[in-house]
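Asks: Below you will find the structure I want to go over with you.
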Amino acid sequence: MTEALDKLIAAVAAGDLTVDGAPALSMEMSGIVYAALGDDLWATCVDAFDGSLDSAVAIKDALLPGWEWGRLVSHGTMVVATREGPYQSFSDGSANPARALLLATLRAVKGGADG
């Protein structure tokens with residue numbers, strides 16, 4: 055999962071998840087998303103990448119239950135953070151808030167967040 059997660063993070067950060075802006079994935083990217091997130095979150099990941107904040111929150115809730123999310127208005131950065139236990143936070147400043155939340159969530163999962 056780690057290699058697939060790294061590839062997924064890189065594709066989302068580069069804006070290369072979908073094919074020519076269409077709500078579809080290449081066969082290779084489809085395999086990467088499946089390996090990183092499983093079959094249940096495939097479509098939700100594409101929707102979050104394409105700008106659905108509801109989908110980005112759904113992925114955060116599925117992968118990081120109990121974590122909070124928000125936006126730093128002064129920086130336009132999306133953040134996911136623990137509410138209880140040892141404090142952990144991950145953020146991203148992408149121009150698209152849904153994509154930024156998706157990236158912050160994926161980075162938290164990669165960082166070993168135990169949700």
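The numbering used here puts the last residue of the sequence shown at 169; the count rises by one with no breaks. Where a beta carbon is used, it is the ideal one built from N, C-alpha and C, also for glycine. All values reported here derive from a predicted model rather than from experimental measurement.
Could you have a look at Asp-108 and say whether DSSP puts it in helix, strand or coil?
Replies: Walking along the sequence shown from the start, residue 108 turns up at place 54. Three-state DSSP puts Asp-108 in a helix.
Asks: Based on the DSSP secondary-structure assignment, which residues constitute the bridge partners of Phe-144?
Replies: Indexing the sequence shown from 1 puts residue 144 at position 90. For Phe-144, which the question treats as bridged, DSSP gives the partners Val-134.
Asks: Go through its chain and collect everything with a Cβ distance to Leu-71's Cβ below 6 Å, but skip five positions before and after it.
Replies: As a working mapping, residue 71 is identified with position 17 in the sequence shown. Counting only Cβ-Cβ distances below 6 Å, and skipping sequence neighbours, we find Ala-65 and Phe-103.
Asks: Considering Cα atoms alone, identify which of Gly-139, Val-134, Glu-138 and Pro-140 is closest to Asp-146.
Replies: Residue numbering aside, residue 146 sits at position 92 when the sequence shown is read from its first letter. Of Gly-139, Val-134, Glu-138 and Pro-140, the residue nearest in Cα terms is Val-134.
Asks: Any idea which residues DSSP pairs Gly-92 with across the strands?
Replies: Here the question's residue 92 lines up with position 38 in the sequence shown. For Gly-92, which the question treats as bridged, DSSP gives no partner whatsoever.
Asks: Since Lys-114 and Thr-159 are thought to touch, with beta carbons under 8 Å apart, how far apart are those beta carbons, to the nearest angstrom?
Replies: The sequence position of residue 114 within the sequence shown is 60, counting from 1. The sequence position of residue 159 within the sequence shown is 105, counting from 1. The pair is a contact, with the Cβ atoms about 5 Å apart (cut-off 8 Å).
Asks: May I have the straight-line CA-CA distance separating Ser-143 from Val-163, to the nearest angstrom?
Replies: Here residue 143 refers to the residue found at position 89 of the sequence shown. Here residue 163 refers to the residue found at position 109 of the sequence shown. One C-alpha to the other measures close to 11 Å.
Asks: For Leu-126, name the three-state secondary structure that DSSP assigns.
Replies: In the sequence shown, counting from the first residue as 1, residue 126 sits at position 72. In the structure shown, Leu-126 falls within a strand segment according to DSSP collapsed to helix, strand and coil.
Asks: Would you tell me roughly how many angstroms separate the C-alpha atoms of Ala-112 and Met-81, rounded to the nearest one?
Replies: Here residue 112 corresponds to residue number 58 of the sequence shown, with the count starting at 1. Here residue 81 corresponds to residue number 27 of the sequence shown, with the count starting at 1. Using only the alpha carbons, I get a separation of about 24 Å.
Asks: Ser-84 by DSSP, collapsed to three states: which one?
Replies: Here residue 84 refers to the residue found at position 30 of the sequence shown. Looking at Ser-84 - three-state DSSP - the assignment turns out to be helix.
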